[in-house]
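Visitor:
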Amino acid sequence: MGYPSVLTAPIWGFYDVSFKGSAFKFQRGYGSYVMENILFKISFPAEFHAQTAAEAAMLLHQQLKEFGKSTSDIARVTIRTHEAAIRIIDKKGPLHNPADRDHCIQYMVAVPLIFGRLTAEDYENHIASDPRIDALRDKIYCIEDTQFTLDYHDPQKRAISNALTIELTDGTLLPEVVVEYPIGHPRRRAEGIPKLIEKYKTNLARVFSEKQQKKILAATLDYDTFLEQDVSRLMDLFVR
Numbered sequence: 001m002g003y004p005s006v007l008t009a010p011i012w013g014f015y016d017v018s019f020k021g022s023a024f025k026f027q028r029g030y031g032s033y034v035m036e037n038i039l040f041k042i043s044f045p046a047e048f049h050a051q052t053a054a055e056a057a058m059l060l061h062q063q064l065k066e067f068g069k070s071t072s073d074i075a076r077v078t079i080r081t082h083e084a085a086i087r088i089i090d091k092k093g094p095l096h097n098p099a100d101r102d103h104c105i106q107y108m109v110a111v112p113l114i115f116g117r118l119t120a121e122d123y124e125n126h127i128a129s130d131p132r133i134d135a136l137r138d139k140i141y142c143i144e145d146t147q148f149t150l151d152y153h154d155p156q157k158r159a160i161s162n163a164l165t166i167e168l169t170d171g172t173l174l175p176e177v178v179v180e181y182p183i184g185h186p187r188r189r190a191e192g193i194p195k196l197i198e199k200y201k202t203n204l205a206r207v208f209s210e211k212q213q214k215k216i217l218a219a220t221l222d223y224d225t226f227l228e229q230d231v232s233r234l235m236d237l238f239v240r
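Listed below in structure tokens is the structure:
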């Protein structure tokens, strides 16, 4: 049942002890906001502030190929980004393990620029030891875009914007690529849900037999069918 006065009790209540008598203030009333605005990590196994940067890097990888260029022709990469990304994942110097690498925006941009991909395996030592990665990391610089920071904190947008510009050694500037919302963002649900289902099926296949996969999918993919499920029977489907 809890204690009805844990916040409001005079002297010993949480408000008096920790907030000098002030009550909590909320952005919005209780409802479904959090669930409706959940971010799915779909496209890349990357720290969320770098998701759009990795997507932009994938597009630029293709542009480099179309120009007949490679990352060896890059003089500089500039990332316009938001304050949180600079504070959390703008990282220079040695990276010691996969956790270090997936919190370095330079690494998460360098790998797709070089290889045209970013997978979990790309954080492992045998990939990270490729000298091209650190050489390119040293050419990648972050600058804060104050509008990106404002959009990041705006509860109506919750953007996670990154913009990449590549300057080549011959002085050519490739057109800037801007990605404001990652594919797992509510504003990209139409793109994201099919890829999320694909990821769901891929991960089921890693664990369950084909027969069991079919039973799980039959019970979970259709929303109305899912709501009709008995919880205990549904959970039994996931027992190996």
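Just so you know, we're using full-length UniProt numbering here: the sequence shown kicks off at 1 and counts up by one. Quick reminder that beta carbons are idealized off the backbone N, C-alpha and C, glycines included.
1. With H, G and I counted as helix, E and B as strand and the rest as coil, what does DSSP make of Ala54?
2. Helix, strand or coil for Tyr123, going by three-state DSSP, please let me know.
3. Since Arg80 contacts Phe148 with CB under 8 Å, what's their CB separation in whole angstroms?
4. In angstroms with no decimal places, state the Cα-to-Cα distance between His82 and Leu164.
5. Whole angstroms is fine: what's the gap from Thr52's alpha carbon to Asn97's?
6. Would Pro182 pass as a contact of Glu55 if the rule is Cβ separation under 8 Å?
7. With a 10 Å radius around its C-beta and 16 neighbouring C-beta atoms as the bar for buried, classify Ile143 as buried or exposed.
8. How is the alpha helix (DSSP H) around Thr225 delimited, first residue to last?
9. DSSP three-state call for Tyr152: helix, strand or coil?
10. Note down the Cα distance separating Ala10 from Val34, rounded to an integer number of angstroms.
11. State the start and end residues of the unbroken alpha helix (DSSP H) segment that holds Tyr200.
12. Taking Cβ positions, are Met108 and Asp100 nearer each other than 8 Å?
13. Could you name each continuous beta strand (DSSP E) segment of 3 residues or more that falls completely within the region 60 to 95, going from the start of the chain to the end?
14. Does the beta-carbon of Ile197 have 16 or more other beta-carbons within 10 angstroms, so that it is buried, or is it exposed?
15. From Leu204, Asp224, Ile166 and Lys211, pick the residue whose C-alpha is nearest to that of Leu60; which is it?
Guide: According to the structure data:
1. helix
2. helix
3. 7 Å
4. 13 Å
5. 23 Å
6. yes
7. exposed
8. Tyr223 to Leu227
9. helix
10. Strictly speaking, residue 10 in this sequence is Pro, with Ala absent from that position. Their Cα atoms are separated by approximately 32 Å.
11. Arg189 to Ala205
12. no
13. 74 to 81
14. exposed
15. Ile166
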